[in-house]
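Numbering (my numbering) for the sequence shown: 36 to 323.
One structure below.
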Amino acid sequence: MAAGPDSGLFYACITHIPLTTVFPAWVTPLYVGQAQGEGRLNLRDLAPQWEPQHPLLGGTAGTFAVRQALLRDHPGATRVGLCQYRKFVSRRRISKVVAKSYKTMDVVAKADLPVQRLTEVMAPGDEPFLVSRLFPMRRQGCLGQYSEVHRAQDLLHFTAEAVSQGVLAGTEAKAFLNEGEFIPGGLEMGVYPTDFWLPNMAAVEAVVRACIDTYPIAREGYQARAWAFCAERLGSYLLLRHFRGADRQRGPLEKLRRHLPSHWAQRCVGRLNVINDEAQSDYVTGST
């Protein structure tokens, strides 16, 4: 692990292609798919059980490998950071170009991100968390919003497995499906305390495995990644549950800001960015 902003941070960048952006020296590439190779930190070495599922999970398979890297190589890490080859969370806003297809994400031109600047904006500071600002789903709730872009039955199956695995209490299923806020990336994009992230990511991983084993999906293209989309939403819910519970432990709820307790919104919410060759609002989607 390269020296990071602090000795307790392990920060991984999941990529399925050779990196074309120069990331900070303290960011460790984790390779999936065809980019894996000798002498690299590879999905096939860290979590071989997930390599066959990479086409169906994309970067989520790499996230499961990050958990193994922490357990195997960095047991003393106090925080874990995750980004992808084009997407990362910054502490502050660095671009005014909003992605047309994803209103809570900004587009940054690669030319505007020399390594010195990228190092500065990716540094998480001293706070335990750094996550993307919220995407509101208040009118539809989680299930309604998911149904607009994916297939409702997948999230319903996923929710049932989360209850069966004990990740959600039975009484939480409705709250999860009706949740009105979404943290893009869930547990897969940003910075998290390891004592929070490790058990919660293990729980998400167990639900994904149960769904793959119980509900085989034979689809082509984008909709084949149903369990990755569901995992992102469960990760977001677990984060929201933690933030709200932590604030209650501090005393009476403070005034909400963007529907998160202000204590967390002010300290832990950053900006989600996608790197493009040019800073244009339309961007070509990729797959990790």
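Every residue gets a Cβ at the ideal spot worked out from N, C-alpha and C, and that includes glycine.
query, result
"Taking the beta strand (DSSP E) that W140 belongs to, which residues open and close that run?", "The question names Trp, yet the displayed sequence has Met at residue 140. That run of the beta strand (DSSP E) goes M140 to A144."
"Which ranges does the beta strand (DSSP E) cover as unbroken runs of at least 3 residues, wholly within the stretch 84-127, from first to last along the chain?", "114-119 and 122-125"
"Please report how far the alpha carbon of R244 lies from the alpha carbon of W262, in whole angstroms.", "9 Å"
"Between the C-alpha atoms of T56 and W232, what's the straight-line distance to the nearest angstrom?", "27 Å"
"Ignoring anything shorter than 3 residues or poking outside the stretch 206-279, list the beta strand (DSSP E) runs there in chain order.", "225-228"
"Got a sec, what are the start and stop residues for the alpha helix (DSSP H) A47 sits in?", "Looking at the DSSP string, A47 is not in any alpha helix (DSSP H); the run it does join, the beta strand (DSSP E), is L44 to T50."
"Once the 5 residues before and after I49 are set aside, which same chain residues still bring their CB inside 6 Å of it?", "L65, G94, G97, Q119 and T323"
"Given a cut-off of 8 Å, decide if V150 and R127 are closer than it, judged by their beta-carbon atoms.", "no"
"Quickly, what does DSSP pair I310 with across the bridge? List them, please.", "V143"
"Where do the ends of the alpha helix (DSSP H) carrying L190 lie?", "A187 to S199"
"Closer than 7 Å by C-beta to L165: which residues in its own chain qualify, once you throw out the five before and the five after it? Chain order, please.", "V124, R126, P159, G225, V226, C303 and G305"
"Cα separation between K135 and A204?", "36 Å"
"For T66, does the three-state DSSP call read helix, strand or coil?", "Residue identity differs from the one stated: residue 66 is Tyr in this sequence, not Thr. The answer is strand: DSSP assigns Y66 an E or B state."
"In angstroms with no decimal places, state the Cα-to-Cα distance between Q180 and D108.", "39 Å"
"According to DSSP, G305 sits in a beta bridge with which residue or residues?", "S167"
"Within its chain, find whatever has a CB closer than 6 Å to the CB of P163; leave out the 5 residues flanking it on each side and keep chain order.", "P228"
"Please say whether G176 and L222 have beta carbons closer to each other than 8 Å?", "no"
"Give me whichever residues DSSP pairs with V202 in a beta bridge.", "Per DSSP, none; premise fails for V202."
"Which class does V57 belong to by DSSP, given the choice of helix, strand or coil?", "coil"
"Determine the direct distance from the alpha carbon of H277 to that of L81, and round the result to whole angstroms.", "28 Å"
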